[in-house]
Amino acid sequence: MSLSFKLLKPTNVLSQLGVFSRFAVRMQTRCKSTDASEDEVKHFQELAPTWWDTDGSQRILHKMNLARLDFVQRTLRSQVKIQDPDVFVPGYNYKEFLPEYVSENIQREVQDSLETSLGERPEMRVLDVGCGGGILSESLARLKWVKNVQGIDLTRECIMVAKEHAKKDPIIEGKVNYECKALEDVTGQFDIITCMEMLEHVDVPSEILRHCWARLNPDKGILFLSTINRDFISWFTTIFMGENVLKVVPKGTHHLGKYINAKEIIAWFNENYSGQFRLLDLKGTMYLPLQGWVEHDCSNIGNYFMAIQRLQ
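In my numbering, the protein residues as written are 237 to 548.
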């Protein structure tokens with residue numbers, strides 16, 4: 237199965253809109269297989285000035301960043317064993333039998349021990365693909381076990397915004413570097429590669445995955461993905477409600493034909509890298525106005541987070 241073809245094969249609705257034919261024309265005029273379309277770049281150029289306005293056009297993305305960071309940190313902690321013999325790790329149902337304050341103390345000790353263990357490991361190099369104005373890049377750069385973060389994006393205006401905002405925090409000085417470049421022009425290998433809310437904005441997502449994989453540390457590097465399933469619920473929540481009714485997302489941000497089902501990504505990895513990867517975690521996530529972004533186990537509908545580890 238070819239991911240790039242399967243994801244771009246037009247449905248009846250997409251055929252009427254001529255999406256597939258426009259894609260073919262664009263590909264003839266572009267030299268980078270990981271480029272975004274001119275329409276996508278223009279859209280994000282317009283959003284760049286308000287990228288760090290938490291009450292502006294990117295406010296939902298700022299809220300989502302909290303959930304993304306939780307997912308990343310939880311996944312990394314799951315790969316670490318607690319070495320301290322004095323730290324008690326209870327069973328999963330311990331909260332049902334212990335007072336709340338005892339449960340909280342246990343959880344705090346466990347998390348502190350995991351943080352210490354992560355901090356004792358070699359510092360990690362991170363590549364943030366499609367970094368935009370740097371919301372996730374900055375958050376990752378503040379983690380003490382991260383050596384440096386390289387953020388790349390094809391929208392020059394977003395990179396300029398990211399560079400300016402990074403100057404406001406001395407903690408990340410020298411830890412984050414932004415460049416306006418295509419993924420295939422990036423050299424070196426990374427322990428963590430993040431590709432968050434990005435795959436649904438490119439024409440050939442399989443090329444993004446392929447180039448990410450080639451740059452991932454073969455010694456258990458982890459690729460973090462966040463994108464959207466292609467289904468009615470996704471259209472209803474992100475496009476109809478998010479863009480047109482509630483107007484909490486800038487209009488034109490999403491296109492149903494570019495959404496990617498989680499099972500399609502897994503199938504693509506099975507076809508191209510069978511035996512070379514492990515799916516560490518896959519969670520659905522949804523936005524609740526009074527709570528923000530919350531995770532759930534229905535990863536085949538709406539938005540989802542995915543963590544894939546390279547084994548060789």
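We put the CB at the ideal spot given by N, CA and C, even for glycine.
Quick caveat, the model's predicted, so the values are computed rather than measured.
Residue closest to residue i, alpha-carbon to alpha-carbon, out of the options
i    : options                   : result
T391 : L419, I408 and R378       : L419
L492 : N508, N506, F505 and T473 : T473
D364 : I408, N413, N465 and N453 : N413
N508 : V485, E336, R446 and D289 : R446
A303 : L461, K499, I428 and G457 : L461
G292 : V485, A503 and I544       : V485
I395 : S442, R378, V530 and G370 : G370
A498 : L379, I296, N384 and D467 : D467
E276 : V530, T430, K487 and G528 : K487
CA-to-CA distance, residue j to residue i, given in whole angstroms
i    : j    : result
V438 : G410 : 30 Å
V440 : R361 : 26 Å
I388 : G366 : 6 Å
T265 : E345 : In this prediction, T265 scores a pLDDT of 39, lower than 50, which makes its location untrustworthy; the coordinate-derived value is nonetheless stated afterwards. In a straight line, the C-alpha of T265 is about 56 Å away from that of E345.
H596 : E336 : No statement about residue 596 is possible, as the shown extent of the chain runs from 237 to 548 and does not include it.
M263 : D289 : Residue placement at M263 cannot be trusted, given a pLDDT of 39 that sits under 50; what the coordinates show is reported in the next sentence. The alpha-carbon atoms of M263 and D289 are separated by roughly 34 Å.
F280 : M522 : 23 Å
N301 : G520 : 15 Å
F307 : S510 : 25 Å
K494 : I501 : 13 Å
I544 : L452 : 11 Å
The ligand ADP heavy atom lying under 7 Å from the CB of residue i
i    : result
L435 : With respect to the ligand ADP, the structure offers nothing, as it holds no ligand at all.
Residues bridged to residue i (per DSSP)
i    : result
T430 : D364 and F460
R546 : F513
Outcome for residue i when other beta-carbon atoms lying within 10 angstroms are tallied against a minimum of 16
i    : result
A450 : exposed
R546 : buried
H532 : exposed
T311 : buried
H448 : The residue you asked about is not His; residue 448 is Cys in the sequence shown. With 16 or more Cβ atoms within 10 Å of its Cβ, C448 is classed as buried.
G424 : exposed
Q548 : exposed
As assigned by DSSP and simplified to three states, the class of residue i
i    : result
R466 : coil
W287 : coil
C534 : coil
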